[in-house]
Amino acid sequence: MANIVLSAKPSNQWTFNELAGLNISIEAVAAPSFFGSALPDLQTDPTLLAHPVLIENLTHPSDAISKDNSLFFRYLRHATRRFTLGPATDSAVNDFTAFLLRMLDYDEPKGLVHQRMELDLMMCGQWVTAKPDVVIMNDQDYILLVQRYTRQAEAEPQLIAAAIAAHYENNRRLRTLGLPTVAAKAFAGIIMIGTAPTFYQIPVSEALVEAVGTGQYPPVATVVRKLFPPVHNMRDHLCDGMVPLANRQIILQCLGAFRQFVV
C-alpha cells in the first residue's frame, strides 16, 4: 500500500507490512504451474531413482548403505528429535537443510553451501543486514536462499528481504569488477518448517532494490510464487516433514524439480 511509511530494518524484523509497503504479494500455485510441468512419474523420477534407500526405509536400515544415505537418516533424526534439554535445535535443522542440498547436488557444478551468511542492503537510506539461514553461491553470485521458520518472526518477509539483498550484493560485485549489472533475477527460495520445505520463486528487479533503498512505494507490483509440496495432508506435513515415507517421496521429487531454478 502506497500510504505505508517504511523504516530501515534488518531482514529478521521484516513483516508483511514491509511487503505491502513495497507492493509485494505472494501467490500460491500448483506444482505444474510452478515447475512448468507435472512432477515425473515415480518410476522415472531421476531423484527417486538415485536414492531408493531413502524412499524404502523409514529409518536407517541395518544393512550397509552409502555414506550420503546414512548421513541423511542421521541428520533427519537430529533435526526432528527432542534432545534432553528441549526440542531439536535450530542449528540441527540448518545442518539437515545444508546436507540435503549437497546430497541432491544443488552445489554442482561450481556452487558452495554456506550457513548464516550476512548480506548488506540499503533500506530507507541506511545500511541494514539480511542473514538467511542457508545460501548457495556459485563463483560470484547468490543463487538460492533458505530461511528457517521460527515463531518469533515472519519467515516469508525475511526470505524476500534476503533475496532483495542478494540481488543488491550480486550487482554490487559486478559494479566493482566493471561488469554490466543484471536488471532482474528470479531467486530460488525455500522456507523450512522443521524438515518441511515450502518453495518460492522471488523476482527481484533493480527498481525494487531502489524502492527499498529510498523507502518509496514502487508502481510495479512484484508477485512471488510459492509451492506447498502436494502431500496428502498439509497439516501433518508441517508437523512431520520428511519423516513419513509418503511425504519424503513427494518432497524429494519437488527438490529434484526445483533445482532447475538454481541458476
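So the sequence shown is numbered by our numbering: it starts at 5 and just counts up by one. Even glycine gets a Cβ: it sits at the ideal position worked out from N, Cα and C. Here the structure is a predicted model, which means the values were calculated and not measured.
Would you check if the distance between the CB atom of residue i and the CB atom of residue j is smaller than 7 Å?
| i | j | result |
| --- | --- | --- |
| C128 | G40 | no |
| A166 | V208 | no |
| D1 | K114 | Past the boundaries of the shown model lies residue 1; the chain is included only from 5 to 267, so the question cannot be answered. |
| N174 | D145 | yes |
| M196 | R155 | no |
Can you grab the Cα-Cα spacing for the pair residue i / residue j, in whole Å?
| i | j | result |
| --- | --- | --- |
| N98 | Q119 | 7 Å |
| V224 | L212 | 9 Å |
| L80 | Y221 | 42 Å |
| V228 | R252 | 25 Å |
| F232 | T19 | 21 Å |
| V132 | L43 | 39 Å |
| V9 | S15 | 17 Å |
| T84 | D94 | 10 Å |
| P136 | L46 | 32 Å |
| N21 | E214 | 18 Å |
| P50 | T101 | 20 Å |
| D240 | V247 | 10 Å |
| D109 | L52 | 13 Å |
Could you pull the start and end residues of the beta strand (DSSP E) that residue i belongs to?
| i | result |
| --- | --- |
| V117 | L116 to Q119 |
| K196 | Sequence inspection shows Met at residue 196; the Lys mentioned does not correspond to that position. First-last of the beta strand (DSSP E) with M196: A188 to I197. |
| E112 | Per DSSP, E112 belongs to no beta strand (DSSP E) and is neither H nor E. |
| T226 | T226 to L231 |
| D124 | L123 to M127 |
| L2 | Lying before the first or after the last residue shown, residue 2 is absent from the chain, which here runs from 5 to 267. |
| I140 | V138 to M141 |
| Q162 | That residue, Q162, is in no beta strand (DSSP E); its alpha helix (DSSP H) goes A159 to T180. |
Got a sec? Which residues, its chain only, sit under 8 Å from residue i by beta carbon, not counting five neighbours each side?
| i | result |
| --- | --- |
| V57 | P65, I69, S70 and N73 |
Among the options, which one has its Cα closest to the Cα of residue i?
| i | options | result |
| --- | --- | --- |
| H55 | L259, Q264, F265 and V267 | L259 |
| S11 | Q130, V138, L104 and R78 | Q130 |
| A192 | F38, A24, N7 and N21 | F38 |
| L249 | E60, A96 and A35 | E60 |
| K189 | A170, Q17 and V235 | A170 |
| F265 | V247, H241, I206 and T226 | I206 |
| M121 | R152, A157 and V138 | V138 |
| L2 | I30, N7 and R177 | No answer is possible for residue 2: it lies beyond the span of the chain, which begins at 5 and ends at 267. |
| R263 | L105, A159, L52 and Y172 | L105 |
| A35 | Y204, E210 and E160 | Y204 |
Spatial neighbours of residue i within its chain, please: CB distance less than 6 Å, with the 5 preceding and 5 following residues excluded, ordered by chain position.
| i | result |
| --- | --- |
| G245 | G198, T199 and A200 |
Where does the unbroken alpha helix (DSSP H) through residue i begin, and where does it stop?
| i | result |
| --- | --- |
| E210 | E210 to T218 |
| A54 | P50 to A54 |
Tell me which residues share the same chain as residue i and place their Cβ nearer than 7 Å to its Cβ, disregarding the 5 neighbours each side in the sequence.
| i | result |
| --- | --- |
| F77 | T63 and H64 |
| M141 | G115, L116, H118 and I147 |
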